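Worksheet for the structure shown next.
Chains as they are written, first to last, in the numbering used here: chain R, 20 to 442; chain W, 2 to 338.
Pasting the structure below:
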């Protein structure tokens with residue numbers, strides 16, 4: 020379909036473009052910016068004055084829950100929620116049932132995602148069989164089936180030797196490994212950041228060192244093996260500092276943070292609301308400030324939703340008996356816009372952390388708004404607001420932001436030139 | 002961004018009266034004093050030949066214990082009986098949950114049997130809050146101990162013990178000794194002492210048995226028992242669980258006793274009339290010497306007696322606060338109609 024988008028403020032962080040312009044889409048690609056191509060007759064014209072046109076958002080961690088956990092979500096529901104949040108490309112983590120450690124599971128996910136057509140899905144394969152940390156998964160076969168990176172989630176490897184070998188094997192084939200660095204022993208039994216709030220509530224703590232000890236080890240093993248590495252879901256200021264130090268000494272590692280970690284702190288746990296039960300945990304104000312600074316400076320180049328939808332029952336129990344996670348991909352754009360509203364980031368930088376940054380971290384063909392690039396883009400109104408929860412597509416309503424009025428509203432999300440969401 | 006469901010006084014009704022009793026956090030001094038005064042008046046009931054008052058006649062108190070207990074359970078039973086309530090006690094740890102029924106369903110079923118008050122003990126911190134907020138908000142929920150978080154009736158019976166022996170809190174030095182980290186009793190005691198105006202609260206423990214951020218309770222930390230006991234008016238000893246040795250928190254019971262056990266010798270460092278308290282069950286020779294536990298300064302058994310009066314006070318106050326709220330809600334609905 021030929022679409023003309025007229026008069027939007029076009030922001031492409033990758034090229035530095037930021038001005039009012041017209042966009043022309045044909046055959047699923049952006050064919051021109053400003054100049055109407057010769058003979059172009061639009062089948063659909065979007066009057067976009069006052070709207071921002073940006074590359075479609077790229078979310079590095081959206082749990083789709085399929086196969087295996089259909090009571091929590093499925094590929095159709097969660098990718099639609101993503102489209103409503105402005106997302107055009109997303110990565111799904113391997114903790115499905117069965118685990119995403121065989122090409123068959125990857126193919127199933129990709130088939131269903133194509134069928135649904137709401138967003139481009141890039142699966143992350145399991146680094147070890149069954150995520151058990153003992154035996155390598157067939158990484159090359161998984162890559163050939165469409166996996167863009169490999170991780171073991173919060174599950175640790177049986178020992179450092181096995182982990183080291185996994186990294187070396189991945190490095191052989193230039194595969195990217197994703198770390199969720201958390202030392203299992205130090206985190207054992209923990210439910211919340213080990214600090215004043217958890218102590219007061221009597222919740223067993225997860226110390227900051229659970230992250231930093233594992234992170235320091237992982238960075239050293241990355242350096243030794245030469246593997247391409249991305250560090251996901253940082254929670255602590257010191258963790259971000261370790262990444263900064265590694266980058267400063269020339270290690271080409273990237274990092275992301277969950278959007279909610281930039282907004283919430285462990286103080287939200289007062290009152291024991293299970294909506295704030297997440298793993299790794301919410302940490303202190305100082306940690307949140309450190310993470311924000313790392314996002315500003317670019318040490319953390321990606322912000323992701325770390326969307327984890329749950330059925331109602333999963334959160335309906337005393338805090339420690341509930342399942343961790345927040346359903347938030349549908350609010351990715353407006354929640355992230357609250358960072359702009361609060362003066363923490365300017366709009367182009369925010370959009371960079373939500374598109375080009377994550378796309379580059381995993382070398383995804385996404386995150387750019389340029390002539391010849393796929394027409395994956397987002398049109399939103401920065402002056403309007405979103406009442407979170409007014410419409411809700413995710414199967415998981417486990418979101419503490421429901422009821423909040425958030426800045427910015429997604430008007431259109433386009434994937435390969437077709438409208439995947441209209442707000 | 003402030004969470005919408007930010008902390009609110011879940012356990013108070015619109016008039017500031019107790020309707021649940023979940024934790025001592027956020028309860029004003031006047032309310033704690035009211036509990037102590039009410040408990041004082043109930044102590045006389047316990048001394049009578051006929052030990053009953055009709056305050057909860059026709060009401061059903063349901064003790065739901067997801068964790069084992071002898072003292073707390075029986076004193077709650079006695080307290081409810083002395084208030085003339087019907088009492089049911091369920092040890093859920095051995096029944097429904099092993100059949101896969103959730104906490105939510107177990108309590109909803111009991112609610113359907115027309116219970117008025119739940120006394121709940123549960124191994125998860127926040128369990129009582131969860132029940133009061135999400136399961137049975139219209140019943141009076143009394144926390145009989147939740148994880149490491151709170152044991153508010155124990156906290157108040159300890160305060161009653163101190164007040165009856167020392168008259169007040171304003172001039173006291175109180176030491177709490179032992180496993181603070183895992184202790185809901187310690188947390189409730191620290192909160193109660195602070196609220197009631199105790200100027201010198203000391204905690205004495207090795208670093209492995211202290212929660213991070215203990216300073217928030219306004220206490221002074223000692224790692225040396227002798228220094229911490231110096232001239233105190235009250236010593237509260239905590240129970241040390243055997244499993245603390247295996248987790249690497251302590252080398253051995255012997256070493257703990259040598260460093261933190263309360264012996265007659267060490268008690269001499271406290272004021273001569275210092276009280277010795279313990280929430281029970283005591284481990285003789287682990288945290289406390291038998292001679293001290295059974296000695297003249299020990300009020301450990303008084304604590305048990307006072308526990309009944311405090312629980313009577315809390316049960317009757319919460320029931321009346323919950324009734325008042327129900328009446329209030331009804332009036333509001335009628336107005337709107």
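Glycine included, C-beta positions come from ideal geometry on N, C-alpha and C. Fair warning: this is a prediction, and the values are worked out from it, not measured in the lab.
Strand pairing of residue i, partner residues [DSSP]
{"i": "residue 277 of chain W", "result": "W:236 and W:299"}
{"i": "residue 298 of chain R", "result": "Note: residue 298 of chain R sits in no beta bridge, so no partner."}
{"i": "residue 431 of chain R", "result": "R:398 and R:441"}
{"i": "residue 142 of chain W", "result": "W:119"}
{"i": "residue 38 of chain R", "result": "R:29"}
{"i": "residue 118 of chain R", "result": "Residue 118 of chain R pairs with nothing; no bridge assigned."}
{"i": "residue 140 of chain R", "result": "R:109"}
Exposure of residue i, with buried meaning 16 or more beta-carbon neighbours within 10 Å
{"i": "residue 178 of chain R", "result": "exposed"}
{"i": "residue 192 of chain R", "result": "exposed"}
{"i": "residue 353 of chain R", "result": "buried"}
{"i": "residue 45 of chain R", "result": "buried"}
{"i": "residue 3 of chain W", "result": "Confidence in residue 3 of chain W is poor, its pLDDT being 47 and thus under 50, which makes the residue's placement unreliable; the coordinate value appears in the next sentence. Exposed, because fewer than 16 other Cβ atoms sit within 10 Å of the Cβ of residue 3 of chain W."}
{"i": "residue 170 of chain R", "result": "buried"}
{"i": "residue 230 of chain R", "result": "buried"}
{"i": "residue 7 of chain W", "result": "Any reading at residue 7 of chain W must be qualified, since the residue scores a pLDDT of 43, below 50, and its modelled position is unreliable; the value itself is stated next. Label assigned to residue 7 of chain W: exposed."}
{"i": "residue 209 of chain W", "result": "exposed"}
{"i": "residue 51 of chain W", "result": "exposed"}
{"i": "residue 42 of chain W", "result": "exposed"}
{"i": "residue 5 of chain W", "result": "Legend: pLDDT at residue 5 of chain W = 45, less than 50; position of this residue unreliable, value from coordinates given subsequently. Exposed, by the Cβ-count rule."}
{"i": "residue 34 of chain R", "result": "exposed"}
{"i": "residue 114 of chain W", "result": "exposed"}
{"i": "residue 305 of chain R", "result": "exposed"}
Contact set between residue i and chain W, taken where Cβ atoms lie within less than 8 Å
{"i": "residue 220 of chain R", "result": "126, 127 and 150"}
Within-8 Å CB hit, residue i to chain R
{"i": "residue 213 of chain W", "result": "yes"}
{"i": "residue 4 of chain W", "result": "For residue 4 of chain W, the predicted model reports a pLDDT of 46, less than 50, meaning its position is unreliable; a value from the coordinates is still stated below. Yes, contact with chain R."}
{"i": "residue 242 of chain W", "result": "no"}
{"i": "residue 8 of chain W", "result": "Residue placement at residue 8 of chain W is poorly supported in this model, since its pLDDT is 46, which falls under 50; the coordinates still yield a value, given next. Yes, because at least one Cβ of chain R sits closer than 8 Å to the Cβ of residue 8 of chain W."}
{"i": "residue 185 of chain W", "result": "yes"}
{"i": "residue 279 of chain W", "result": "no"}
{"i": "residue 123 of chain W", "result": "yes"}
is_contact[residue i, chain W] using C-beta, thresh 8 Å
{"i": "residue 355 of chain R", "result": "no"}
{"i": "residue 92 of chain R", "result": "no"}
{"i": "residue 224 of chain R", "result": "yes"}
Identity of the residue in the options nearest residue i by Cα
{"i": "residue 277 of chain R", "options": "R:244, R:269, R:325 and R:234", "result": "R:325"}
{"i": "residue 158 of chain W", "options": "W:301, W:148, W:258 and W:180", "result": "W:301"}
{"i": "residue 181 of chain W", "options": "W:297, W:59, W:239 and W:196", "result": "W:239"}
{"i": "residue 165 of chain R", "options": "R:143, R:175 and R:90", "result": "R:143"}
{"i": "residue 231 of chain W", "options": "W:185, W:270 and W:184", "result": "W:270"}
{"i": "residue 347 of chain R", "options": "R:66, R:104 and R:183", "result": "R:104"}
{"i": "residue 183 of chain W", "options": "W:198, W:147 and W:194", "result": "W:147"}
{"i": "residue 106 of chain W", "options": "R:427, R:435 and R:337", "result": "R:337"}
{"i": "residue 243 of chain W", "options": "W:236, W:234 and W:255", "result": "W:255"}
{"i": "residue 87 of chain W", "options": "W:112, W:72, W:59 and W:75", "result": "W:59"}
{"i": "residue 261 of chain W", "options": "W:103, W:172 and W:178", "result": "W:178"}
{"i": "residue 226 of chain R", "options": "R:211, R:240 and R:246", "result": "R:211"}
{"i": "residue 273 of chain R", "options": "R:248, R:128 and R:152", "result": "R:248"}
{"i": "residue 64 of chain W", "options": "W:118, W:28, W:26 and W:12", "result": "W:118"}
{"i": "residue 293 of chain R", "options": "R:410, R:112, R:417 and R:268", "result": "R:417"}
{"i": "residue 37 of chain W", "options": "W:49, W:165 and W:128", "result": "W:165"}
Per-residue contacts from residue i into chain R (C-beta, under 8 Å)
{"i": "residue 104 of chain W", "result": "336, 337 and 340"}
Neighbouring residues, chain W, relative to residue i (Cβ below 7 Å)
{"i": "residue 213 of chain R", "result": "213"}
Contact list for residue i against chain R, beta-carbon separation under 7 Å
{"i": "residue 217 of chain W", "result": "215 and 219"}
{"i": "residue 188 of chain W", "result": "221"}
Interface residues of chain R facing residue i [CB-CB closer than 9 Å]
{"i": "residue 21 of chain W", "result": "The contacting residues do not exist; residue 21 of chain W stays about 13 Å from chain R at best."}
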